[in-house]
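Notes follow once the structure below has been shown.
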Amino acid sequence: MSFVLAIDQSTSGTKAVLFDRAGRVHDLEARGHEQHYPQPGWVEHDAEEIWHNTVAVVREVLRRASGEAKAPAFLSLTNQRETFVVFDRATGRPLYHAIVWQCRRGHSLCRQLTAAGQEALIRRRTGLKIDSYFSASKLTWLVRERPDLATRLASGDALIGTIDTYLIYRLTGGKVFATDPTNASRTLLFDNQRLRWDEELCRLFEVPRRALPEVRESGASFGTTDLAGAFSQPVPIRGVLGDSQAALFAQGCFQPGMIKATFGSGTSVLLNIGDFFRLTEGGAVTALAWVLDGRPTYALEGLINCSGATVSWLKDQLGLIREAAETEDLARSVADNGGVYLVPAFAGLGAPYWKPDAGAAILGMTAHTTRAHVVRAALESIAYQVRDVLEMMASVGVAPRTILADGGATRNPFLMQTVADICGLEVDASNVPELSALGASWFGMLGAGWQPSLEALAALPRDRRHYRPQMDPARAERLHAGWKQAVQRVL
121 MSFVLAIDQS
131 TSGTKAVLFD
141 RAGRVHDLEA
151 RGHEQHYPQP
161 GWVEHDAEEI
171 WHNTVAVVRE
181 VLRRASGEAK
191 APAFLSLTNQ
201 RETFVVFDRA
211 TGRPLYHAIV
221 WQCRRGHSLC
231 RQLTAAGQEA
241 LIRRRTGLKI
251 DSYFSASKLT
261 WLVRERPDLA
271 TRLASGDALI
281 GTIDTYLIYR
291 LTGGKVFATD
301 PTNASRTLLF
311 DNQRLRWDEE
321 LCRLFEVPRR
331 ALPEVRESGA
341 SFGTTDLAGA
351 FSQPVPIRGV
361 LGDSQAALFA
371 QGCFQPGMIK
381 ATFGSGTSVL
391 LNIGDFFRLT
401 EGGAVTALAW
411 VLDGRPTYAL
421 EGLINCSGAT
431 VSWLKDQLGL
441 IREAAETEDL
451 ARSVADNGGV
461 YLVPAFAGLG
471 APYWKPDAGA
481 AILGMTAHTT
491 RAHVVRAALE
501 SIAYQVRDVL
511 EMMASVGVAP
521 RTILADGGAT
531 RNPFLMQTVA
541 DICGLEVDAS
551 NVPELSALGA
561 SWFGMLGAGW
571 QPSLEALAAL
581 PRDRRHYRPQ
591 MDPARAERLH
601 AGWKQAVQRV
611 L
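In my numbering, the protein residues as written are 121 to 611.
Structure representation (structure tokens):
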């Protein structure tokens with residue numbers, strides 16, 4: 121069998137992607153899911169809807185497949201990170217909506233912990249910051265607000281999982297309760313040096329250790345699934361990673377100093393720093409990139425809360441566009457942004473500012489401002505934020521010449537050129553939008569012995585589009601200075 125089926129469960133939807141052994145896409149099916157906003161600043165997903173979408177997209181790909189493709193060698197999984205589900209041990213059904221990484225309901229607890237002097241401990245153990253972007257503070261909120269769930273978690277009748285854990289539990293019919301290190305590392309409950317759940321952090325956040333999953337390496341076996349009869353025989357599950365780390369892997373960023381930016385609902389900029397865990401000053405967090413054969417690889421990460429989500433806001437809330445693809449022509453229809461800056465702090469601001477209570481704003485509008493100016497300002501805001509992150513990383517002595525880009529936004533040449541212009545760097549944008557799914561499948565191939573080494577994966581051809589900076593550097597400086605002034609208005 122020479123095919124792999126990968127599930128990519130993201131903030132906006134779920135895909136099933138069929139790859140061959142060389143990493144070529146043979147088929148793809150996608151379903152979106154509803155975003156729930158029960159209160160300002162809160163974001164939830166219906167995990168049962170996500171499960172049904174997962175089954176639906178896999179069934180549809182299998183329906184269209186023929187020959188060997190109907191019986192993939194294994195199933196891989198990549199997912200939105202930090203989002204978590206509390207679910208019933210007996211049935212696997214969610215007991216509360218999934219609380220999404222964008223949700224800010226843990227903000228007040230994070231402030232309390234910072235004021236109590238807990239930041240140094242958390243940073244030393246996890247490499248991350250005390251912020252409600254990560255899972256733990258919202259778990260604390262849930263166990264405090266729902267004593268019934270707290271009781272069930274303490275007794276073992278309910279379980280906690282990031283999206284990968286939840287889907288694996290459902291896929292295996294409750295036989296496997298496990299996660300991988302990249303997902304565990306995003307909870308603020310995992311020691312990223314010792315590579316295990318941290319009892320002290322679990323107590324600090326009031327999370328029962330018994331409710332957390334086993335941690336297995338990404339390329340290990342995560343059981344088998346017949347997907348409710350979709351497969352004619354059980355298919356192994358292997359190759360499980362958080363989406364940004366999976367993209368880093370698929371980009372071939374195996375050497376220290378290599379950097380990539382994944383453009384999704386938010387943007388994750390990851391810089392490989394090798395096998396040494398180190399903390400830095402400023403807004404970068406130290407992420408666990410992956411663990412292979414017991415050896416961790418780390419990365420510096422700059423987290424941007426809103427990028428693709430900003431385009432969705434233009435469409436869904438303002439009605440300025442009908443489809444995301446319209447933004448390119450609209451942005452090109454005006455010579456510049458007309459002095460308009462959009463600061464997309466819809467979920468606060470991430471790196472390097474880390475201001476969860478910042479508010480979004482559109483600044484610089486006049487009577488001559490058109491929707492094209494606003495759309496262009498929205499796209500430019502993504503590039504400005506990437507530059508902010510790169511400047512933050514430069515403080516640790518890193519000066520990359522090329523950004524490896526992936527995610528849905530790479531289909532927008534205007535945006536990719538703008539990133540190159542504003543950052544003053546070359547951008548190599550993957551022509552494979554499903555790069556996170558590919559990274560998970562490649563990790564599975566390593567685990568299954570299909571690929572012998574990282575060197576073999578690095579040698580595989582990549583399909584990329586190249587962008588060189590074309591803007592006068594002085595103009596890029598002026599535009600970025602205007603952005604910085606706009607950001608100061610919302611801090």
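Cβ atoms here follow ideal geometry from the backbone N, Cα and C, with glycine treated the same way.
Hey, out of the options, whose CA is closest to residue i's CA?
i	options	result
residue 587	567, 547, 555, 260	547
residue 478	484, 487, 468, 472	468
residue 161	598, 219, 341, 606	219
residue 188	133, 122, 235, 149	122
residue 475	496, 495, 391, 610	610
residue 182	154, 137, 436	137
residue 508	424, 401, 222	424
residue 564	604, 359, 576	359
residue 445	533, 515, 400	533
residue 489	458, 312, 517	458
residue 307	324, 173, 140	324
residue 473	539, 403, 432	403
residue 438	405, 185, 247, 495	495
residue 332	303, 591, 243	303
residue 549	380, 506, 269	380
residue 139	593, 519, 602, 557	557
residue 347	517, 248, 456, 192	192
residue 63	506, 200, 456, 465	Limits of the chain in this structure are 121 at one end and 611 at the other, which puts residue 63 out of reach.
residue 362	388, 372, 148, 244	388
residue 371	551, 335, 236	551
residue 576	128, 141, 129	141
residue 327	419, 578, 170, 267	267
residue 314	146, 411, 487	411
residue 606	460, 531, 591, 589	460
residue 418	434, 400, 334, 433	400
residue 503	342, 570, 430, 345	430
residue 252	398, 224, 180	224
residue 146	184, 600, 413, 215	184
Let me confirm a value: residue i is counted as buried when at least 16 other C-beta atoms fall within 10 Å, else exposed. Which label applies?
i	result
residue 367	buried
residue 213	exposed
residue 275	exposed
residue 521	exposed
residue 541	buried
residue 351	buried
residue 407	buried
residue 135	buried
residue 173	buried
residue 197	buried
residue 278	buried
residue 427	buried
residue 226	buried
residue 301	buried
residue 573	exposed
residue 157	exposed
residue 291	buried
residue 271	exposed
residue 186	exposed
residue 487	exposed
residue 592	exposed
residue 578	exposed
Only counting the same chain, and skipping five residues up and downstream in sequence, which positions put a Cβ closer than 7 Å to that of residue i?
i	result
residue 329	317, 319, 322
residue 204	218, 219, 255, 259, 280, 281, 282
residue 286	167, 205, 207
residue 375	392
residue 152	132, 133
residue 561	124, 126, 139, 196, 359
Looking only at its own chain, which residues have a Cβ that is under 6 Å from the Cβ of residue i, when we skip the five neighbours before and after it?
i	result
residue 462	482, 497, 498, 501
residue 492	450, 453, 454
residue 195	125, 355, 357
residue 250	230, 233, 234, 239, 242
residue 295	343
residue 257	226, 229, 230
Within its chain, find whatever has a CB closer than 8 Å to the CB of residue i; leave out the 5 residues flanking it on each side and keep chain order.
i	result
residue 512	402, 403, 404, 422, 471, 472
residue 465	425, 426, 475, 478, 479, 480, 481, 610
residue 353	191, 346
residue 335	298, 299, 300, 301, 304, 310, 315, 316, 317
Problem set entry | Sequence ranges, alpha helix (DSSP H) only - wholly within the region 265-325, length at least 4 | Look at the region 265-325 and you find these whole runs of alpha helix (DSSP H), each 4 residues long or longer: 267-275, 283-291, 301-304, 319-324.
Exercise. Using 8 Å as the Cβ pair cut-off and three pairs as the minimum, do the region 388-403 and the region 579-586 touch?
Worked result: Contact between the region 388-403 and the region 579-586 is absent: fewer than three C-beta pairs spanning the two stretches fall below 8 Å.
Exercise. Taking only runs of the beta strand (DSSP E) that begin and end inside the region 355-413, which ones reach a length of at least 3 residues, in chain order?
Worked result: Scanning the region 355-413 from its first residue to its last, the whole beta strand (DSSP E) runs of 3-plus residues come out as 355-362, 379-383, 387-394, 405-412.
Problem set entry | Whole runs of the beta strand (DSSP E) within the region 582-607, excluding any shorter than 3 residues | The DSSP assignment places complete beta strand (DSSP E) segments of no fewer than 3 residues inside the region 582-607 at 584-587, in order along the chain.
Exercise. Going along the chain, which unbroken runs of the beta strand (DSSP E) with 3 or more residues stay wholly within the region 482-563?
Worked result: Complete beta strand (DSSP E) runs here, min 3: 522-527, 546-550.
Problem set entry | beta strand (DSSP E) runs contained entirely in the region 184-235, provided each spans 3 or more residues | Inside the region 184-235, DSSP marks whole beta strand (DSSP E) runs of 3 or more residues at positions 194-199, 204-208, from first to last along the chain.
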